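Numbering (this note's numbering), first residue to last: 4 to 703.
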Ligand code: GLA
């Protein structure tokens, strides 16, 4: 194909326009609402016509979709590499642009550096752009790759929202106003990470849930990564999300290629809710490939916070009975079931059932669970092993990393070198045998150690291959992605799993905030959310069953507590909440999430919406600022439709908060015009910290 001056990419109501400046890589000059079919793209190119200030290189910053130092880009380049003779300059030129349906394949080459780069861009129907890039060594000597971002995105704004956190408090949204220079989050943990996951939002100053021009970005990658926003010295702003490569990690021999993880990006001019309106359908249709469509997400019981390592068959059977009785649909046996696993110091790597705890294997428990009408799931952590295991006693050399050096332990364990074929086969055979030993419908796949002494790419790709092979061998098996709670929440992992464990924190006060941030990129049906014990094991906070249950209700709901310790009242509240979750499930797991803003920062509100109406959750997680909560303005209702509004959670405690109690707070429905609910707002009851009001707003 001969080269053109402009290329356009359309999808999801957006158009992207790229300009070719002679032989240079393409520059993204427009990403906005869809342009009419025959528009003259040259009329967009004026943006590239600004002058060059004194003090800069004569042609200005060479800032395009694949910026390189060698072409006069002085910011962080997308590409850094070298050969042993010291050559490191690259000056890629545009060689070819193919335009398959909905995409562009941009081929760049540098004959002198002897490289070829192919950027593959796809604009999906949901409005999400995906970009990955392949580098080929076309030379005759080895090529060491140091940095390879699939692309650089030009940004129009400079307010950053990034996501950070720690174990048991993932998904803390942090706002930063970009000044000069670079804001860079690096993840060197070999997992998607708790503290620097590759998600980024940049938008107009003060952007919010329902307003602002924002760009949301994510690198679909579970290994080391780098997420950066940089103010270039000429004042423009770029974002890059890239794998973080260790020295010597990628050395391409002649003819060899290396492909980057995929970058996903979407634009919205109506704030964070608009981003979710693009990412959620994209996840449902493309990342999950539609495989959850029409499939009910079964309510879970998980044994971890009920029993930890103290497995006992008769207690487990009793818990299974109690779980089935309150409406649980899948019983997941967490850590502690395999040989030698009395604590987290031993046993990992030996995927044989503990003969003391389970003398007849897992089948009696699995059969019991199935007979109660539930599915049976099992926890595994195939990528790691304890030194105190038969596996590492027999094969100490299977530990990933330099054998001559001591490595810091993480949770008493090491990572296995899965890129080695013998290790991979042995672990596959063990897990495969477990899956064949009885009817197992589900695996919770955990990964509890940071990588410290090895680059992450080969290991991460081997872990993907292991999951893919097990899934192929066991069609129908579902997988939950977990890594010390939420350290593996990313689209590449979600391609091979059905659920993400968001956090080991089941404290509903913290969970409300975490789930709100998680829900920007991920739809609720993949968001593992559990009702934990009365006293949270991570925060020590004691919370009411109502608070816990109404927080877990909005994700892929589950229970993770000793059911025999519930009071009768707690059990009834939980059972009712599970029943309500099931009644609302089609809307919760198939509708839109609309996060709602309120004057009180201690109040977290959102709605799950479909054609018929909305279910609104209002959680007070801090002491209210004012005696009377301001009305909550809803979004997305039909202005001229009349809605029936019902408080689903009236209670004597709620009524006791007010000396004059309108009838709707006692549960009597009222009707309101959509325009009034969106502009004047929905009245709210007086709430105490921990109170959650659910309201149903249904078109009449
Ligand atoms: C990790 C997970 C928990 C639980 C434990 C079991 O911490 O995040 O949910 O499975 O491991 O050891």
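For each residue, glycine too, the CB sits at the ideal point set by N, CA and C. In this text the structure is predicted, and so the values were computed from the model without any measurement.
Item: So, for residue 463: in the same chain, excluding its five sequence neighbours on each side, which residues have a beta-carbon less than 8 Å away from its beta-carbon?; Value: 193, 224, 225 and 226
Item: Of all residues in the structure, which have a C-beta closer than 7 Å to any heavy atom of the ligand GLA, taken in chain order?; Value: 307, 337, 338, 347, 382, 447, 449, 451, 485, 487, 488, 504 and 507
Item: Which whole-angstrom value is the C-beta distance of residue 617 and residue 637, which I expect to be below 8 Å?; Value: 7 Å
Item: Tell me whether residue 537 sits in a helix, a strand or coil according to DSSP, three-state version.; Value: coil
Item: Distance check for residue 120 and residue 78, CA to CA, integer angstroms please.; Value: 20 Å
Item: Can you check the stretch 226-269 for any beta strand (DSSP E) of at least 3 residues that lies completely inside it and give the ranges in chain order?; Value: 228-234, 240-246, 253-255 and 260-262
Item: Would you list, in sequence order, the uninterrupted alpha helix (DSSP H) runs of no fewer than 4 residues that lie entirely inside the stretch 332-419?; Value: 366-374 and 393-397
Item: Using the Cβ count rule (16 or more neighbours within 10 Å means buried), how would you classify residue 615?; Value: exposed
Item: DSSP beta-bridge partners for residue 448?; Value: 383 and 484
Item: Is it buried or exposed, residue 361, if we count other Cβ atoms within 10 angstroms and call 16 or more buried?; Value: buried
Item: Residue 146 and residue 107 look like a contact to me (Cβ under 8 Å); what is the Cβ gap, rounded to whole Å?; Value: Contact doesn't hold; Cβ gap of about 25 Å is too wide.
Item: Tell me whether the stretch 235-246 and the stretch 127-143 touch, counting them as touching only if at least three CB pairs, one residue from each stretch, are closer than 8 Å.; Value: no
Item: Verify whether the separation of the beta carbon atoms of residue 261 and residue 148 is less than 8 Å.; Value: yes
Item: Going by DSSP, name the residue or residues bridged to residue 681.; Value: Residue 681 pairs with nothing; no bridge assigned.
Item: Assuming the contact rule is C-beta atoms closer than 8 Å, residue 331 and residue 377 should be a hit. Round their C-beta distance to whole Å, please.; Value: 6 Å
Item: Write down every uninterrupted run of the alpha helix (DSSP H) in the stretch 546-598 whose length is 4 residues or greater and which is fully enclosed by it, in chain order.; Value: 548-555 and 571-593
Item: For residue 363 and residue 470, I'd like the C-alpha separation in whole angstroms.; Value: 27 Å
Item: My understanding is that residue 508 touches residue 502, with C-beta atoms under 8 Å, so please give their C-beta distance in whole angstroms.; Value: The Cβ separation is near 17 Å, so there is no contact.
Item: Give me the Cβ distance between residue 648 and residue 676, rounded to the nearest whole Å; I'm assuming they're in contact under 8 Å.; Value: That pair is no contact at about 11 Å.
Item: Output yes or no for whether 8 Å exceeds the beta carbon distance between residue 619 and residue 276.; Value: no
Item: So which of 280, 690, 447 and 181 has the shortest CA-CA distance to residue 655?; Value: 690
Item: How far does the alpha helix (DSSP H) with residue 285 in it extend, from its first residue to its last?; Value: 274-285
Item: According to the Cβ coordinates, are residue 552 and residue 534 closer than 8 Å?; Value: yes
Item: Compare the C-beta of residue 317 against all C-beta atoms of chain C and say whether one is closer than 8 Å.; Value: Looking at the structure shown, chain C is missing, and only one protein chain is on hand.
Item: Residue 6 and residue 21: beta carbons closer than 8 Å?; Value: no
Item: With distance defined between alpha-carbon atoms, name the residue in 62, 88 and 86 nearest to residue 76.; Value: 62
Item: Return the CA-CA distance between residue 406 and residue 456, expressed in angstroms with no decimal places.; Value: 10 Å
Item: Whole angstroms is fine: what's the gap from residue 334's alpha carbon to residue 190's?; Value: 34 Å
Item: Near residue 474, what residues of its chain come up, given a Cβ to Cβ distance below 8 Å and the 5 sequence neighbours on each side ignored?; Value: 480, 482 and 499
Item: Could you check whether the stretch 372-389 touches the stretch 438-446, counting it as contact only if at least three pairs of C-beta atoms, one from each stretch, sit closer than 8 Å?; Value: yes
Item: Short of 6 Å in beta carbon distance, which residues of its chain neighbour residue 496, apart from the five on each side in sequence? Order them along the chain.; Value: 225 and 484
Item: For the putative contact between residue 206 and residue 162, defined by C-beta atoms under 8 Å, what is the C-beta separation to the nearest angstrom?; Value: 6 Å
Item: Flag this pair as yes or no: are the beta carbons of residue 578 and residue 204 separated by less than 8 Å?; Value: no
Item: I need the DSSP call for residue 117, collapsed to helix, strand or coil.; Value: coil
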